[in-house]
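**Q** Shown below is the structure under consideration.
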Amino acid sequence: MWEFLSELLDTSDFPARWHCGDWSDAHGWLHVISDLGVWSAYMAIPMVLVYYVRRRRDVLFPRVFLLFGAFIFACGTGHLIEASIFWWPAYRLAGLVKLLTAVISWVCVFVLVRIAPKAMQLPGILALNDELTRRNHELDEFAHIVSHDLKAPLRAISSLAEWIVEDNKDKLTGESREHLELLMGRIDRLNLLVDSVLEYARVGRARMERETVEFGALTQEVIDSLAVPKGVSIKVRGGGTKLTGIRVHLIQVLQNLISNAIEHMGRDDGHVEVTCVTHPEHWAITVADDGIGIAPEHHERIFQMFQSLREGSTGVGLAVVKKIATLQGGAVTIDSSPGQGARFTVTIPMRPHLSSIDSSVSRRSG
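Whatever position you read off the sequence shown (first residue = 1), add 1 for the working numbering.
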């Protein structure tokens with residue numbers, strides 16, 4: 002064994018393959034080029050597998066991917082040596098590499114036999130999509146039931162408070178009237194919170210068609226629906242830009258971002274700028290204001306449900322924006338610091354996200 006290893010790179014006992022038999026140039030180079038082509042591909046495949054496993058932390062059976070990468074790498078090394086033997090007759094090294102390849106191959110077989118039963122038990126993508134569709138439907142029904150059960154008593158309390166005010170307007174003290182107004186304000190806030198939660202739950206549930214809209218007209222429609230203070234000016238740039246997307250989602254993004262800019266202005270006057278820019282692969286909507294700004298330590302928190310830096314806010318609007326962007330393969334970013342205003346940018350790919358394709362497959366299978 003030690004003698005074999007000590008002579009592993011010794012080629013004195015063998016002639017180069019060019020000198021074994023009567024090789025023509027065409028015949029010899031056919032083997033060399035073919036082996037080098039297979040080797041280069043076999044080197045690329047393991048790198049792709051390793052990259053995939055490192056990028057996708059949720060991949061199933063990651064060690065199997067890496068094991069197959071090692072198997073393919075060993076196969077490629079064998080082809081490289083076969084090509085080099087035409088000049089460098091390292092037959093001992095070639096034999097050792099073939100032995101290692103055989104060992105790794107049988108390890109792959111053993112591992113596959115062991116994990117095959119587990120892999121067979123995993124649900125397929127169509128089954129998972131069907132289950133997801135069913136769960137989403139159940140969640141929609143649950144949301145509507147909860148909405149009804151929550152709003153019904155709220156409406157009753159609101160009506161009761163109004164009746165008390167009307168029936169006792171001459172008897173109520175200023176403090177009592179103030180308490181009732183505070184109660185009705187809290188009821189309105191709870192109603193808004195329920196509506197906001199429903200809005201968040203509905204995002205991505207319904208099947209909606211993409212359409213082309215004019216950014217300026219759509220933005221003006223949103224602005225007209227908002228209670229914009231007289232001292233706040235809103236400027237729209239890129240109004241003639243044509244966007245292709247889900248109209249209701251675009252409206253939700255603009256409504257929440259513009260409302261957020263106005264609510265967190267920190268004063269009665271201010272400026273909000275809404276911009277749209279298209280790129281070859283995506284489009285971007287930016288809403289910037291000159292308000293009080295947001296400290297960096299809050300940049301992630303504000304996109305979470307029920308998290309707000311302003312008392313009285315539901316803390317749902319920015320979570321809705323993030324969910325819309327994420328479901329379509331996009332993202333939302335913030336650039337802000339205290340006293341410097343805030344700039345929110347939503348980017349959405351021109352092409353639908355892969356999840357849209359999966360959903361259509363699920364519908365066809367049902």
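For every residue, glycine included, the Cβ atom is placed at its ideal position computed from N, Cα and C.
1) Determine, using beta carbons only, whether L181 and A162 come nearer to each other than 7 Å.
2) How would you write the range of the alpha helix (DSSP H) that P350 sits in, first residue to last?
3) Quick check: the stretch 86–94 against the stretch 59–72, are at least 3 beta-carbon pairs closer than 8 Å?
4) Hey, quick one: how far does the beta strand (DSSP E) through E274 stretch, first residue to last?
5) Quick one: is W107 buried, meaning 16 or more other Cβ sit within 10 Å of its Cβ, or exposed?
6) Which residue comes first and which comes last in the beta strand (DSSP E) that contains R64?
7) Classify W284 as helix, strand or coil using the three-state DSSP reduction.
8) Short of 8 Å in beta carbon distance, which residues of its chain neighbour L227, apart from the five on each side in sequence? Order them along the chain.
9) Alpha carbon to alpha carbon, how far is P350 from A285?
10) Could you tell me the distance, in whole angstroms, from the CA atom of D26 to the CA atom of H32?
11) Closest to L37 by C-alpha separation, out of H280, I82, V49 and D11, would be which residue?
12) Could you tell me whether the stretch 266–278 touches the stretch 232–242, using the rule of 3 or more Cβ pairs below 8 Å?
13) To the nearest angstrom, how far is the alpha carbon of V112 from that of F66?
14) So, are the CB atoms of I165 and V254 less than 7 Å apart?
15) Express the C-alpha separation of I46 and C21 in angstroms, rounding to a whole number.
16) Here's the rule: buried if 16 or more other CB atoms are within 10 angstroms of the residue's CB, otherwise exposed. What is Q305?
17) What would DSSP say about Q329, mapped onto helix, strand or coil?
18) In three-state DSSP terms, what is L184?
19) Alpha carbon to alpha carbon, how far is S183 from D196?
20) Less than 7 Å between C-beta atoms, sequence neighbours within five positions excluded: which residues of the same chain meet that for V214?
21) Nearest to I293 by CA position, among D269, K172 and N137, is which residue?
22) According to the neighbour-count rule (16 or more other Cβ atoms, all chains shown, within 10 Å of its Cβ), is Q329 buried or exposed?
23) Here's the rule I'm using: 16 or more other beta-carbon atoms within 10 Å means buried, otherwise exposed. How should T78 be labelled?
24) Roughly how many whole angstroms lie between the Cα atoms of G367 and E139?
**A** Well, looking at it:
1) As a position in the sequence shown, residue 181 is number 180, starting the count at 1. As a position in the sequence shown, residue 162 is number 161, starting the count at 1. In terms of Cβ geometry, L181 and A162 form a close pair [threshold 7 Å].
2) As a working note, residue 350 is residue 349 in the sequence shown. Looking at the DSSP string, P350 is not in any alpha helix (DSSP H); the run it does join, the beta strand (DSSP E), is A343 to P350.
3) Counting C-beta pairs closer than 8 Å gives fewer than three between the stretch 59–72 and the stretch 86–94, which falls short of the contact rule.
4) Here residue 274 refers to the residue found at position 273 of the sequence shown. E274 -> beta strand (DSSP E) spans G271 to T279.
5) Sequence index remark: in the sequence shown, residue 107 carries index 106 (1-based). Exposed, by the Cβ-count rule.
6) Position 63 of the sequence shown holds residue 64. No beta strand (DSSP E) contains R64, which is instead part of the alpha helix (DSSP H) from P63 to S85.
7) What you label residue 284 is simply residue 283 of the sequence shown in a count that begins at 1. In this structure, W284 counts as strand in the three-state DSSP scheme.
8) Here residue 227 corresponds to residue number 226 of the sequence shown, with the count starting at 1. So the qualifying residues of the chain are Q256, I259, S260 and I263.
9) For the purposes of this step, residue 350 is identified with residue 349 of the sequence shown, where counting begins at 1. For the purposes of this step, residue 285 is identified with residue 284 of the sequence shown, where counting begins at 1. Looking at the two C-alpha atoms, the distance is approximately 9 Å.
10) Here residue 26 is taken as the residue at index 25 of the sequence shown, counted from 1. Here residue 32 is taken as the residue at index 31 of the sequence shown, counted from 1. Straight-line Cα distance between these residues: approximately 10 Å.
11) Locating residue 37 in the sequence shown gives position 36, counting from the first residue. Ranking H280, I82, V49 and D11 by Cα distance to L37 puts I82 first.
12) Of all C-beta pairs linking the stretch 266–278 to the stretch 232–242, three or more are shorter than 8 Å, placing the two stretches in contact.
13) Here the question's residue 112 lines up with position 111 in the sequence shown. Here the question's residue 66 lines up with position 65 in the sequence shown. The alpha-carbon atoms of V112 and F66 are separated by roughly 11 Å.
14) Along the sequence shown, one-based indexing puts residue 165 at 164. Along the sequence shown, one-based indexing puts residue 254 at 253. For I165 and V254, no; Cβs fall outside 7 Å.
15) Residue 21 sits at position 20 when you count from the first residue of the sequence shown. Residue 46 sits at position 45 when you count from the first residue of the sequence shown. Using only the alpha carbons, I get a separation of about 33 Å.
16) Reading the sequence shown from its first residue, position 304 is the one you call residue 305. Under this definition Q305 is an exposed residue.
17) The sequence position of residue 329 within the sequence shown is 328, counting from 1. Look at Q329 here: in three-state DSSP terms it is coil, with no helix or strand label.
18) Residue 184 sits at position 183 when you count from the first residue of the sequence shown. Under the three-state reduction of DSSP output, L184 falls in the helix class.
19) Position 182 of the sequence shown, counting from 1, holds the residue named residue 183. Position 195 of the sequence shown, counting from 1, holds the residue named residue 196. Sequence inspection shows Leu at residue 183; the Ser mentioned does not correspond to that position. Their backbone Cα atoms lie some 20 Å apart in a straight line.
20) For the purposes of this step, residue 214 is taken as the residue at position 213 of the sequence shown. So the qualifying residues of the chain are L244, R248 and L251.
21) Locating residue 293 in the sequence shown gives position 292, counting from the first residue. Looking at the Cα atoms, D269 is the closest of the given residues.
22) Taking the first residue of the sequence shown as position 1, residue 329 is located at position 328. Classification for Q329: buried.
23) Residue numbering aside, residue 78 sits at position 77 when the sequence shown is read from its first letter. Burial check for T78: the Cβ neighbour count within 10 Å reaches 16 or more, so the residue is buried.
24) As a first step, residue 367 must be located in the sequence shown, where it is residue number 366. As a first step, residue 139 must be located in the sequence shown, where it is residue number 138. Because G367 carries a pLDDT of 38, less than 50, the predicted location of this residue cannot be relied on, and the following value inherits that uncertainty. Going from the Cα of G367 to the Cα of E139 covers about 17 Å.
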